[in-house]
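Right, one structure below, let's go through it.
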Amino acid sequence: MAAPCRATARRSKKLPGVGRKTANVVLNVAFGEPTIAVDTHIFRVGNRTGLAPGKTPREVEAGLEAVTPAEYKHGAHHWLILHGRYVCKARKPDCPVCVVADLCRYGAKTAPAEMIAARAEAATPAPLAEPVPTRPPARRARRR
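The sequence shown stops at residue 127 when you use our numbering, and every number in between is there.
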């Protein structure tokens, strides 16, 4: 096995903990490179939806870079992270409000009929009602 070069060893001492994900975020955000940083949220979304299945973050990254059009790569990892945090959550995914539920291959939590009904219910706004006037609370007399 070849010994690591001195420049790599020096860099790791100066920036401990900086790995592939952080490097991809910096390349994408600061330099505009078309890269996708894979964290736990993106790894879960890629595997759960079937968009880019893989056993390692590198496999998911390669799959996402292959299926994501170039014009969307600048913001794709941000959108996927937010989707994984707030909709496709690890313990309880919110499938009824998911915008890609019809494309998703994850059917363990919610049946398709339930998703369609919940989505239709969520899309229909409630009728507006007249606001009920409220009285300000009565003031008590101060004791001296």
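We put the CB at the ideal spot given by N, CA and C, even for glycine.
Distance between residue j and residue i (C-alpha atoms, nearest Å)
{"i": "alanine -8", "j": "arginine 88", "result": "Because alanine -8 sits at a pLDDT of 36, beneath the cut-off of 50, its placement in the model cannot be relied upon, and the point is left open."}
{"i": "valine 70", "j": "leucine 63", "result": "10 Å"}
{"i": "cysteine 78", "j": "alanine 49", "result": "25 Å"}
{"i": "glycine 90", "j": "proline 76", "result": "11 Å"}
{"i": "threonine 20", "j": "lysine 72", "result": "In the sequence on display, residue 20 carries alanine and not threonine. Cα to Cα, the separation comes out at about 18 Å."}
{"i": "tyrosine 55", "j": "glycine 0", "result": "28 Å"}
Residue range of the alpha helix (DSSP H) that includes residue i
{"i": "proline 49", "result": "One detail in the question is off: residue 49 reads as alanine in this sequence, not proline. Unbroken alpha helix (DSSP H) run through alanine 49: 40 to 50."}
{"i": "glycine 33", "result": "Looking at the DSSP string, glycine 33 is not in any alpha helix (DSSP H), and its letter there is neither H nor E."}
{"i": "alanine 6", "result": "3 to 14"}
{"i": "lysine 56", "result": "56 to 69"}
Within 8 Å, strictly: CB atoms of residue i and residue j
{"i": "threonine 51", "j": "alanine 45", "result": "no"}
{"i": "phenylalanine 26", "j": "valine 43", "result": "yes"}
{"i": "lysine 38", "j": "aspartate 22", "result": "no"}
{"i": "valine 28", "j": "glycine 67", "result": "yes"}
{"i": "histidine 57", "j": "glycine 15", "result": "yes"}
Closest Cα partner of residue i within the set the options
{"i": "alanine 53", "options": "Lys72, Thr18, Asp77", "result": "Thr18"}
{"i": "glycine 2", "options": "Arg41, Asn30, His24", "result": "Arg41"}
{"i": "leucine 65", "options": "Leu47, His24, Ala6", "result": "His24"}
Flag this pair as touching only if the segment 79 to 88 and the segment 21 to 37 have three or more C-beta atom pairs under 8 Å; answer yes or no. yes
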